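**Q** This is the structure I want to talk about, given as structure tokens.
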Amino acid sequence: MRHSNGSPMLAIFGKYQLPNHRAVQGGILNFELLRPDGSIFSYKTFECEAATAGFHVRTGAECNPGACYNYLGVKEAEVESLAGKKEGCEDDVEFIRVQRPVTASQEDCVSSSDLLRSIANSNLSLNHPAAVALKWMEVPLGSVRVSLGWWSTFDDVYALADWVERTYRDRTE
């Protein structure tokens with residue numbers, strides 16, 4: 001699914017790139033819904049709108065915050081900074097404001113190699129050869145999960161995909 005400008009509507013998480021993906025990836029689709037500019041929609045808003053449309057999805061860290069935060073690129077120190085603020089999937093904390101290299105996209109995880117790549121790609125004069133230009137960005141603390149089971153049909157999948165495309169294609173708010 002793509003927006004009119006060609007940008008993807010979803011950032012999909014999982015192990016689909018592995019050669020044995022069928023053995024390690026079940027009937028679960030985990031994703032973030034993206035705006036045309038690449039920013040991420042609220043997963044809680046998506047859950048409410050999907051429920052109103054008759055679809056049951058799970059949102060948040062889906063009872064596995066370690067894996068969730070790993071896929072979303074939330075670092076351990078950032079998780080620690082949430083102590084006392086983030087109480088679970090039902091609280092109001094959906095995003096964490098963090099610094100990432102200027103060259104990073106919203107869903108990029110920042111590792112040492114990412115920082116080195118940012119230094120190499122940066123054309124900014126930072127007065128120090130090891131300095132990295134940083135920007136503030138909102139990183140989600142959860143995602144949307146669609147689980148398919150033995151009772152799910154292709155019609156169910158097509159209905160959800162059609163609804164997502166009709167509801168969110170080119171939507172900015």
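Its first residue numbered 1, the sequence shown is counted upward by one per residue in full-length UniProt numbering.
Ideal placement from N, C-alpha and C gives every residue a C-beta, glycine not left out.
All values reported here derive from a predicted model rather than from experimental measurement.
(1) Based on the DSSP secondary-structure assignment, which residues constitute the bridge partners of V98?
(2) Does the Cβ of D156 lie closer than 7 Å to at least one heavy atom of the ligand ADP?
(3) The alpha helix (DSSP H) with V24 in it runs from where to where?
(4) In the structure shown, what three-state DSSP assignment does A161 receive?
(5) Taking DSSP as the reference, what is the three-state secondary structure of E32?
(6) For a test of the three-state rule: what should DSSP assign to V110, helix, strand or coil?
(7) As an exercise, report each continuous beta strand (DSSP E) stretch of at least 3 residues that is fully enclosed by the segment 44 to 82, in chain order.
(8) Have a look at G26, V139, Y16 and E49 and flag the residue whose alpha-carbon is nearest the alpha-carbon of E78.
**A** Put simply:
(1) To locate residue 98, count along the sequence shown from 1; it is residue 98. M137.
(2) For the ligand ADP, the structure offers nothing, since it holds no ligand at all.
(3) Numbered from its first residue, the sequence shown carries residue 24 at position 24. Element bounds for V24: H21 to V24.
(4) Taking the sequence shown and counting its residues from 1, one reaches residue 161 at position 161. In the structure shown, A161 sits in a helix (DSSP, three-state: H, G or I).
(5) As a first step, residue 32 must be located in the sequence shown, where it is residue number 32. Strand, per DSSP.
(6) Mapped onto the sequence shown, residue 110 falls at position 110. Unreliable placement is indicated for V110, whose pLDDT of 45 sits below 50; no coordinate value is reported for it.
(7) 58 to 60
(8) As a first step, residue 78 must be located in the sequence shown, where it is residue number 78. Of G26, V139, Y16 and E49, the residue nearest in Cα terms is V139.
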